[in-house]
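Numbering (the working numbering), first residue to last: 357 to 536. Glycine included, every Cβ here is placed at the ideal spot set by N, Cα and C. Have a look at the structure below, then the notes.
Here it is in structure tokens:
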């Protein structure tokens with residue numbers, strides 16, 4: 357089971373994903389989790405750094421699509437200032453939301469990545485969908501109450517992953533080796 361939770365890459369934060377790196381890997385779209393990946397779970401307004409990153413990707417023609425387990429109202433409120441498309445109630449770790457995004461925006465699995473801060477939802481859903489996955493460190497050390505149980509499980513899973521894959525480490529970009 358632990359193999360299905362192994363990310364393709366582990367990158368410190370989403371802003372380390374540059375248009376140049378993404379294009380080098382044939383990536384046309386970034387599917388991303390919302391809370392603690394794109395924005396802090398308790399600050400839906402984002403940061404200037406986020407706006408800059410989104411502008412860079414837009415200029416490079418790389419689409420950013422939020423794939424979140426949150427309600428339509430929550431996701432709409434969070435992404436409205438950034439004018440981002442989204443899939444709400446994605447049901448991660450199920451593959452429903454990933455498949456919905458691929459169909460809606462006419463994307464192939466090999467031209468997208470899924471970025472998220474949780475192994476048990478984001479990475480597992482991406483891997484089960486055949487999409488390359490990028491684990492990022494959570495923006496905040498605290499979590500919404502619904503995430504706290506997952507974090508406990510993730511500590512154990514990460515311990516198992518690192519024992520099975522000793523080269524599994526945090527990277528600064530996608531040029532460093534994949535975690536495979």
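Please work out which residues of its chain come closer than 6 Å, Cβ to Cβ, to residue 394, disregarding the five sequence neighbours upstream and downstream, and give them in chain order. Start at 1 with the first residue of the chain shown, and residue 394 comes out as number 38. Excluding positions up to five away in sequence, the list reads 388.
Taking the CB atoms as reference points, tell me whether residue 481 and residue 448 lie closer together than 9 Å. On the chain shown, residue 481 is found 125 positions in, with the first residue counted as 1. On the chain shown, residue 448 is found 92 positions in, with the first residue counted as 1. Contact: yes.
Apart from the five residues on each side of it in sequence, which residues of its chain come closer than 8 Å, Cβ to Cβ, to residue 452? Position 96 of the chain shown, counted from the start, is the residue given in the question as residue 452. Result list for residue 452: 446, in chain order.
Report yes if the C-beta distance between residue 492 and residue 385 is below 9 Å; otherwise report no. Here residue 492 is taken as the residue at index 136 of the chain shown, counted from 1. Here residue 385 is taken as the residue at index 29 of the chain shown, counted from 1. Going by C-beta atoms, residue 492 is not nearer than 9 Å to residue 385.
Under 9 Å, do residue 470 and residue 513 count as touching if we go by C-beta distance? Position 114 of the chain shown holds residue 470. Position 157 of the chain shown holds residue 513. No, the pair does not count as a contact, with Cβ atoms beyond the cut-off.
If we count the other Cβ atoms within 10 Å of its Cβ and call it buried at 16 or more, is residue 444 buried or exposed? Against the chain shown, residue 444 aligns to sequence position 88. Buried, since its Cβ has 16 or more Cβ neighbours within 10 Å.
Mapping the DSSP letters down to three states, classify residue 472 as helix, strand or coil. Along the chain shown, read from residue 1 onward, the residue named residue 472 stands at position 116. The answer is strand: DSSP assigns residue 472 an E or B state.
Hey, how far is the Cα of residue 433 from the Cα of residue 440? On the chain shown, residue 433 is found 77 positions in, with the first residue counted as 1. On the chain shown, residue 440 is found 84 positions in, with the first residue counted as 1. Taking the straight line from one Cα to the other gives about 11 Å.
Assigned exposure category for residue 525 - 16 Cβ within 10 Å defines buried: Numbered from 1 along the chain shown, position 169 holds the residue referred to as residue 525. Per the 10 Å Cβ criterion, exposed.
Report the residue from 527, 462, 483 and 427 whose alpha carbon sits nearest the alpha carbon of residue 390. Taking the chain shown and counting its residues from 1, the one referred to as residue 390 is at position 34. Checking every option, the nearest Cα to that of residue 390 belongs to 427.
Measure from the alpha carbon of residue 487 to the alpha carbon of each residue in 495, 465 and 474, then state which is nearest. Position 131 of the chain shown, counted from the start, is the residue given in the question as residue 487. For the residues 495, 465 and 474, the minimum Cα distance to residue 487 belongs to 465.
State the DSSP-derived secondary structure class of residue 491, mapped to helix, strand or coil. As a working mapping, residue 491 is identified with position 135 in the chain shown. Correct three-state label for residue 491: strand.
Alpha carbons only, please: which of 421, 479 and 379 is nearest the one belonging to residue 517? Along the chain shown, read from residue 1 onward, the residue named residue 517 stands at position 161. If we check each option's Cα against that of residue 517, 479 comes out closest.
Could you give the C-beta distance for residue 529 and residue 372, rounded to a whole number, given that I count them as a contact under 8 Å? Here residue 529 is taken as the residue at index 173 of the chain shown, counted from 1. Here residue 372 is taken as the residue at index 16 of the chain shown, counted from 1. Right, the Cβ-Cβ distance comes to about 5 Å (below 8 Å), so this counts as a contact.
In three-state terms, what does DSSP make of residue 409? Along the chain shown, read from residue 1 onward, the residue named residue 409 stands at position 53. Helix at residue 409.
Which word fits residue 361, buried or exposed, when buried means at least 16 other C-beta atoms lie within 10 angstroms of its C-beta? The residue you call residue 361 lines up with position 5 of the chain shown. Answer is buried; the Cβ neighbour count reaches 16.
In angstroms with no decimal places, state the Cα-to-Cα distance between residue 420 and residue 458. In the chain shown, the residue the question calls residue 420 occupies position 64. In the chain shown, the residue the question calls residue 458 occupies position 102. Each residue's Cα considered, the two are about 12 Å apart.
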